[in-house]
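Chains as they are written, first to last, in UniProt numbering: chain Z, 1 to 158; chain R, 1 to 158; chain X, 1 to 158; chain G, 1 to 158; chain H, 1 to 158; chain B, 1 to 158.
Written as structure tokens, this is what we have:
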């Protein structure tokens, strides 16, 4: 099976997307930061929760734009839209990132990277209270656009 | 409980570490990238595996050095040592990052961030073969140094 | 009135420009760095003035290219032209930045950001002589291109 | 008078701070983003205001940490504390940045740069409603630490 | 003769490429890192050589993507393909970088910059054994695309 | 012989400098950009030469500060002084970079990287007139500080 970021000698390269068509591409990724319920409750009834989630949003959006600086073989992409959504769980926060572009390659890595950075930002802002948080289940929900067609791993019920 | 990256009005800030002592600080974080066994087997018997893991190593080391650019409230840290270790699992690769410094604050976020970037780099290099990979269980194993003492969440048996 | 970088729940996001047309867009911004006349005269009759203004030019051009890394909701833009112009005032230096691109969104922030970085660069190079400099009146002069039409706040008489 | 970022031939260089003492250094800078009162009122009675100011805070803190990447002759500084404060004015928002470090040179440029980036971030988030905003009066309020002693340009009455 | 990055007053600017056509552009650059044969032999018969060259590949690819952050007048380019090739010489390693894009300006600087960063990465990984390495003969082999036509300075015989 | 950026399994890592002493460290590197004499003469009798060399100075200084972002195994270093010097040759420009710090490891890579970026910046600003320029002889002249003692490869006669 083809691993596109390798040449025929098994050396790493940035795959050539020059001949691919510019199409609208969207990717949605999700993960969650799991913590003790008492940690989560520290955010109740105050402005902290809004500020934590907004800080994670900003960090995730900034990260999505710089994905190709960090993930070595990623192509530079001019993202046209980035949004982060959060759902409070009993034991943590679920993070969903939606990224879109008009480009020759997709934004799967941008969405995944935004989720991890948003998750680690939440971790960082709560870590003085909890040393046992975990980032879990970071995965692609779906992506559309491009020759190989849509991938729907999971329905977004929320 | 104190959330150090907030002021008394619940606004975000970078906490003041000016009065803390410079001490040797080490953090070890771990996570894993989970994939279909057939994806993992694409790396067998060729130079690909070495190049994938080296690429993930380089990405993780570079990331650790730039953590404070990405995680908004992280203090800039001059890391003195960064190493990535990989263990092949039946269904993926376990990633361990060890980071150390001599500073007024620790490198917990640097180690966690290195794990996520190394994991996403592996994901990126294999994603043309598998759309269902997941980054799982990213957490702190242990950290030492600093006034609050050591945190040992998990023994490193490997 | 619409604030495009917010969703319907008042959360920040990078607005979706995917459906906008790619058009030629130009923005011109201006500001000034105000200082004591004696500070300004330090630049007379030597190569210093040329080097200060060239350094500010380089800093401003580099900054314009990286605007979307710094201003969280800015879209990445491939700038096609960036120029900085300087006019010596009796009590400082006026800085004008012109930026253009062919894109789905404009370069207003790029021009404004280039002015501020050029101004702070001049400040930095003169600050050992003057602690009272001020960056003043950083604003958009005009922008063209895009569906909402031209904005002309001020004529450029120089 | 000495301009420290020049050599004896009037060429630019990063001044040598190797022989200076490591001391605690604090700088406070201030500026304001001026807008139409109707623009400011768009932030009333909703979560927008909190998110705008938090986004500006995050942008300003991230910027302070990267000042030496942007202002060419600035020395790299490991900031130990960064905080942004905002005061609503009748026609805009006043922004104050406080930065501290333990280093051989100060953080004046870091504080000024944080103010400009926070101001431009507010501008960016409101610019779809107002094309006439201006960044004004960006200046140093005070700095302490270092051989040349404290500079107090202005009392912080708030 | 025209130096495009200057205006009519000899001031530096980023040249205006707005009116140029988007075409496929390829650039190939080459250089070599020269060292003592005994240094080179340290890489024999072990995994070191693969890891050194892969690390140089990753560094060169990441660098190519960020050229416009580093070379002041370079236009931002979304690279569509980057590959590094290495040939072992009796006294060093020859490095060839191939970069392509579809853009209004070429990727000559991207290819040259990738060669220098890959070369310095090899230097860095071997420098504890040899203080006399040199980076030599970094030049453009050829470039194609754009109005001024192809430049073929040298045939790639390997 | 020890290659410090490898572990005992030949995997790349950032070597551990935690136990090394903080000492004053200086490195001087040199290289040259070689061009046709007619290219060089384009800089005569105008402000262009000053602006080209100042632009190369700014690019080199900015690069030195970011070396550890680019060269994967380099330790982050807070540079205390960076200066670029240029000597006009009959067929090009010789570039010398001097970098110093007080740190646990040296600034050899910073000086070499500053030379290459300054050289490529000159190349970029002249490349519309000459496609055959070459970056040559980038090497360490000397470094001092640290346990292994001074390395003097070459006297700086200018």
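C-beta atoms are modelled at their ideal positions from N, C-alpha and C, and glycine is treated no differently.
Owing to the predicted nature of the structure, the values given are computational and were not obtained by experimental measurement.
*Have a look at residue 94 of chain X and residue 63 of chain X and give me their C-alpha separation to the nearest angstrom.*
18 Å
_Three or more C-beta pairs under 8 Å: does that hold for the stretch 36-47 of chain R against the stretch 3-11 of chain X?_
no
_Cβ-based contacts, 7 Å cut-off: residues of the stretch 17-51 of chain G near chain Z_ = 47, 50 and 51
_Sequence-distant residues of its chain with Cβ nearer than 8 Å to residue 22 of chain B (five each side left out)_ = 102, 103 and 104
*Check the C-beta distance from residue 134 of chain G over to residue 114 of chain X and give it rounded, since I have them as a contact under 8 Å.*
Not a contact, Cβ separation roughly 16 Å.
*residue 25 of chain R to residue 40 of chain R, Cα distance in whole Å?*
Taking the straight line joining both Cα atoms gives about 35 Å.
*With a CB to CB cut of under 6 Å and the five nearest residues on each side skipped, what residues in its chain are close to residue 98 of chain X?*
28 and 83
*Check the Cβ-Cβ distances between residue 157 of chain X and every residue of chain H, and say whether any is below 8 Å.*
no
_Closest to residue 87 of chain H by C-alpha separation, out of H/16, H/31, H/131 and H/11, would be which residue?_
H/31
*Which of helix, strand or coil does DSSP assign to residue 18 of chain X?*
coil
*If you compare alpha carbons, which of R/80, R/144 and R/131 is closest to residue 148 of chain Z?*
R/131
*In the stretch 123-141 of chain G, which residues sit with their C-beta less than 8 Å from some C-beta in chain X, listed in chain order?*
123, 124, 125, 126, 127, 128, 129, 131, 132, 133, 134, 135, 136, 137, 138, 139 and 140
_Only counting the same chain, and skipping five residues up and downstream in sequence, which positions put a Cβ closer than 8 Å to that of residue 60 of chain R?_
Here the set comprises 82, 84, 95, 97, 114, 115, 117, 118 and 121.
*Per-residue burial, residue 160 of chain R [other beta carbons within 10 Å of its own, 16 or more giving buried]*: Residue coverage of chain R in this structure runs from 1 to 158, which leaves residue 160 of chain R outside it and unanswerable.
*Output yes or no for whether 8 Å exceeds the beta carbon distance between residue 17 of chain X and residue 80 of chain Z.*
In this structure, residue 80 of chain Z lies closer than 8 Å to residue 17 of chain X by Cβ.
_What does the Cβ neighbour count give for residue 44 of chain H, buried or exposed, with the cut at 16 atoms within 10 Å?_
exposed
*Out of X/107, X/129, X/49 and X/58, which has the shortest C-alpha to C-alpha gap to residue 11 of chain G?*
Residue X/49 is the option with its Cα nearest to residue 11 of chain G.
*Indicate whether at least one CB of chain Z lies closer than 8 Å to the CB of residue 71 of chain R.*
yes
_Residue interval of the alpha helix (DSSP H) (run including residue 85 of chain Z)_ = Unbroken run through residue 85 of chain Z is the beta strand (DSSP E), 81-89; no alpha helix (DSSP H).
*Flag this pair as yes or no: are the beta carbons of residue 14 of chain H and residue 73 of chain H separated by less than 8 Å?*
yes
*Below 6 Å CB to CB, which residues in the same chain sit around residue 56 of chain R once its five sequence neighbours on both sides are set aside?*
118, 121 and 122
*By a C-beta neighbour count over all protein chains shown, 10 Å radius and 16 as the cutoff for buried, is residue 78 of chain B buried or exposed?*
buried
*Considering only the beta carbon of each residue, do residue 151 of chain G and residue 142 of chain G sit closer than 8 Å?*
At the C-beta level, residue 151 of chain G and residue 142 of chain G come within 8 Å of one another.
*asked:* Check whether chain B comes within 8 Å of residue 61 of chain R, counting only Cβ atoms and requiring the distance to be less than that.
replied: yes
*Interface residues of chain H facing residue 57 of chain X [CB-CB closer than 9 Å]*: 11, 12, 13 and 72
*Might you give, ordered along the chain, the residues of its own chain that have their beta carbon closer than 7 Å to the beta carbon of residue 112 of chain R, omitting 5 neighbours on each side?*
Excluding sequence neighbours, residue 112 of chain R sits near 29, 138 and 140.
*Do residue 65 of chain Z and residue 19 of chain X have their CB atoms nearer than 8 Å?*
Taking 8 Å as the cut-off, the Cβ atoms of residue 65 of chain Z and residue 19 of chain X do not count as close.
*Compute the Euclidean distance between the alpha carbons of residue 153 of chain B and residue 107 of chain B, then round it to the nearest angstrom.*
16 Å
*Return the chain-ordered ranges of every alpha helix (DSSP H) run that is complete within the stretch 26-76 of chain R and spans a minimum of 4 residues.*
The stretch 26-76 of chain R contains these whole alpha helix (DSSP H) runs: 37-41, 48-65 and 67-70.
*Any Cβ of chain X within less than 8 Å of the Cβ of residue 153 of chain Z?*
Closer than 8 Å: no.
*Please confirm if residue 105 of chain G has its CB atom under 8 Å from at least one CB of chain R.*
No, residue 105 of chain G does not count as interfacial toward chain R.
*So what's residue 99 of chain B in DSSP terms, helix, strand or just coil?*
Residue 99 of chain B: strand per DSSP, three-state reduction.
*So the beta strand (DSSP E) residue 137 of chain R belongs to, where does it begin and stop?*
134-144
*Could you tell me how far apart the beta carbons of residue 58 of chain R and residue 58 of chain H are, in whole angstroms, since I believe they sit closer than 8 Å?*
That belief holds up - the Cβ atoms of residue 58 of chain R and residue 58 of chain H are roughly 4 Å apart, short of 8 Å.
*Which term fits residue 67 of chain B, buried or exposed, when burial requires 16 or more other beta carbons within 10 angstroms of its beta carbon?*
Label assigned to residue 67 of chain B: buried.
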